[in-house]
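**Student:** In our numbering, the protein residues as written are 1 to 200.
#1: Is the beta carbon of residue 35 closer than 8 Å to that of residue 24?
#2: Going along the chain, which residues of its own chain have a beta-carbon closer than 8 Å to the beta-carbon of residue 48, five neighbours each way excluded?
#3: Using the Cα positions of residue 105 and residue 89, report the straight-line distance between them to the nearest angstrom.
#4: Are three or more beta carbon pairs between the segment 134-147 and the segment 112-126 nearer than 8 Å?
#5: Quick check: the segment 143-157 against the segment 52-66, are at least 3 beta-carbon pairs closer than 8 Å?
#6: How about residue 169 and residue 144: do their beta carbons lie closer than 8 Å?
#7: On the DSSP letters alone, give me the boundaries of the beta strand (DSSP E) that residue 16 sits inside.
#8: In its own chain, which residues sit with a C-beta less than 6 Å from the C-beta of residue 16, not counting the 5 before and 5 after it?
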């Protein structure tokens, strides 16, 4: 989501109708719509890698993974966002006509310079209000870094960070593991290669 909005005020119903025919994607916050910025090659590779890993590992389960074009609804329709990746495990995944999910279990945002502050701040606050959400991943597209938030007792969120390509994330809400190296497959950052070799 970028900082500049369109200046239009829409009801949730008007937004959903508008978005069906719009050539670009917009997120929706309390009546205002915000155009989605384009993404870097690294951003797209990370999203693709995660989608492939999750799709393969979730095969045969009631859970389904989505990338990019599936919205998540927050706050009884007062907000709609396009996570980079989301996983839902309810019967709503069987509705092939829906444009949004109400009950994500996992949300992933791939960070860019323009969105990192919002993804870590207000957007995470909005996401935390979704009762079904159990895990939230913030994946850097600038360096090897993944911040993994997990909902714990009394709705307290626990953070674990990963910077080593040789480590593995445990997504307990889905009962699966994904290696950091697979998430960053085919991606090398400048000045990170030496650090990577030392840490592996």
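All C-beta atoms in this analysis are idealised placements derived from N, C-alpha and C, irrespective of residue type, glycine included.
The structure displayed is predicted, hence computed values, not measured ones.
**Tutor:** With the structure as the only source:
#1: yes
#2: The residues are 67.
#3: One C-alpha to the other measures close to 7 Å.
#4: The segment 134-147 is in contact with the segment 112-126.
#5: Pairwise C-beta distances place the segment 52-66 out of contact with the segment 143-157, as fewer than three of them are shorter than 8 Å.
#6: Taking 8 Å as the cut-off, the beta carbon of residue 169 is found no closer than this to the beta carbon of residue 144.
#7: Careful: residue 16 lies outside any beta strand (DSSP E), inside the alpha helix (DSSP H) at 12-21.
#8: none
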